[in-house]
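Visitor: Residue numbers (numbering that gives the first Met the number 0): 0 to 53.
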Amino acid sequence: MADGILAGKVAVVTGAAQGIGLATAQAFATEGAAVGLLDLNEAKAAAAAEAITA
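1. To the nearest angstrom, how far is it from the Cα of Gly-20 to the Cα of Ala-44?
2. Going straight from the alpha carbon of Ile-4 to that of Thr-23, what length do you get?
3. Checking the sheet assignment: what are the DSSP bridge partners for Ala-50?
4. For Ala-32, name the three-state secondary structure that DSSP assigns.
5. Is it right to say Met-0 is buried, meaning 16 or more other beta carbons lie within 10 angstroms of its own, or is it exposed?
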């Protein structure tokens, strides 16, 4: 993951628990970025973070 085009960059994604926000967060993580997830639903955001790091 750290060898992607976003290695060493930081991304903050809002609405990251589902839909387009989740897909965007996953894409950033796949390309090596450190990703901060923000969502109104804290439980879903935590589940999304676990799924991305798994």
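Built from N, CA and C at the ideal position, the CB exists for glycine as well. Just so we're clear, the structure is a prediction, and the values are computed from it rather than from any experiment.
Guide: Inspection of the coordinates gives the following:
1. Rounded to the nearest whole angstrom, the C-alpha separation of Gly-20 and Ala-44 is 10 Å.
2. 15 Å
3. Per DSSP, none; premise fails for Ala-50.
4. coil
5. Since pLDDT at Met-0 reaches only 49, below the 50 mark, its modelled position is unreliable, and the value read off the structure follows with that caveat. By the neighbour-count rule (16 or more Cβ atoms within 10 Å), Met-0 is not buried but exposed.
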